[in-house]
Amino acid sequence: MRRLRRTSLLAFVAVICALSTAQIATAFWTNNGSGLGSASTATMPAGSAPTVADSGTTVTLSIPQISVAGQYIGAIGGNYSVKRYPGSGGAGVTPPSGTCSAAVTGAGATLSCNETSTPRGDWKYTVSPTLHTWTSAESGFSNTVVIEPDPASALTSALAPAADIDLDWSAGAGATGYNVYRRLGAGAYNFAAPLNGATPISGTTFTDTTSVSGSAYRYVVRSVVIGSAGQQIESASSNETTSLTADGTNPTGVTLVAIPASNSGDLTLSGNASDTISGIAEVFFEYRTSP
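Numbered per the working numbering, the sequence shown spans residues 75 to 365.
Written out as structure tokens, the structure reads:
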């Protein structure tokens, strides 16, 4: 009698489905028996650090795309979120305005977005890639961009007593203070040494009390904002004042040219005075009645 042996078939079925929308492949298994199976998986790298450039208060980011399974994530439903950080470190924020305020996506190798009305100061940026529910590690920092305050404008100078010179100007947008610089004649400005010292001026006027009588001076003003590390960030220079010679000399007394013979009725007086530096602007006459 022949004995029949029946061999059980252990079936292992592995089905890998790749969606037509080119999403990351999803693998699943059904097991009708026992055994081992394996499948390869894709990984998503960390974001690549963006590069940034500014124009006024608009900062433009260039974002290199990362790839998963040979495809840029922006082309298969992914995107990048942007954060802005102080240049010297600190908490990051999502830009509140511009196209960087929303998720950035696209099919090209490099994507672009911008932040508008960027606060004055020094900043750096990162991006974080997301593909559907999969978020990768945040990128490294971009280069640091510096947003300067607008220059002061309409700077004027005027003579003041005791050889002082008064300055007045219009505010620059975004400025928290101002530095004043002076030069002699055809000399150069020393932008490492503000005339006002280490502390910026909070207002829009300044009196130069160190000017020397008989010396001619020109001035410029630079707007200032304080950076993330406490450093002063200056704007470009304002307009330059015209040359003005400090005058600390007193004019001579008035010498009457003609004294009327009659001291009644209408009197005509004339007189001369001199000043060696700035000249005489006006002559005032006083009189008194005799008892």
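C-beta: ideal position from N, C-alpha, C; glycine also.
What number of angstroms, rounded off, separates the C-alpha of residue i from the C-alpha of residue j?
| i | j | result |
| --- | --- | --- |
| S287 | T323 | 7 Å |
| D321 | P274 | 27 Å |
| S213 | I147 | 15 Å |
| Y291 | L185 | 51 Å |
| S202 | V299 | 30 Å |
| T173 | T204 | 17 Å |
| N264 | S122 | 41 Å |
| T230 | Y255 | 13 Å |
| A143 | Q305 | 46 Å |
| R257 | S136 | 42 Å |
| A176 | S317 | 52 Å |
| I239 | P223 | 26 Å |
| A272 | G259 | 24 Å |
| D196 | T132 | 13 Å |
| T315 | P268 | 16 Å |
| A149 | G161 | 32 Å |
| S215 | G301 | Checking the displayed sequence, the identity of residue 215 turns out to be Phe instead of Ser. Distance between the alpha carbons of F215 and G301 is about 18 Å. |
| A228 | T284 | 23 Å |
| T319 | S289 | 5 Å |
Helix, strand or coil for residue i per DSSP?
| i | result |
| --- | --- |
| P59 | What is shown of the chain runs 75 to 365, which leaves residue 59 out entirely. |
| P235 | helix |
| E314 | coil |
| T117 | coil |
| T319 | strand |
| Q305 | coil |
Report all residues from its chain with a CB closer than 6 Å to the CB of residue i; omit the five preceding and five following residues, and keep chain order.
| i | result |
| --- | --- |
| R296 | N253, E308, S309, S311 |
| F280 | L241, V254 |
| R194 | I221, P223, G248, V299 |
| A303 | S162 |
| S191 | T131, S171 |
Less than 7 Å between C-beta atoms, sequence neighbours within five positions excluded: which residues of the same chain meet that for residue i?
| i | result |
| --- | --- |
| G163 | none |
| A245 | A226, T278 |
| D128 | V219, I221 |
| G251 | P274, I275, S276, V298 |
| N153 | A177, V178, T179, T204 |
According to DSSP, which residues form a beta bridge with residue i?
| i | result |
| --- | --- |
| T125 | S136 |
Only counting the same chain, and skipping five residues up and downstream in sequence, which positions put a Cβ closer than 8 Å to that of residue i?
| i | result |
| --- | --- |
| G166 | K157, R158, Y159, T200 |
| C187 | T134, L135, I137, V156, G172, T173, C174, V178 |
| A183 | P138, Q139, Y146 |
| A181 | Y146, G148, A149 |
**Study point:** Complete beta strand (DSSP E) runs within the stretch 134-216 (minimum length 3 residues, chain order)
**Key:** Runs of the beta strand (DSSP E) lying entirely within the stretch 134-216 and spanning at least 3 residues, in chain order: 152-160, 184-189, 195-205.
Practice item. Jot down the residue ranges of each uninterrupted beta strand (DSSP E) in the stretch 223-293, minimum 3 residues, whole runs only, in chain order. Key: 227-233, 239-244, 251-258, 279-282
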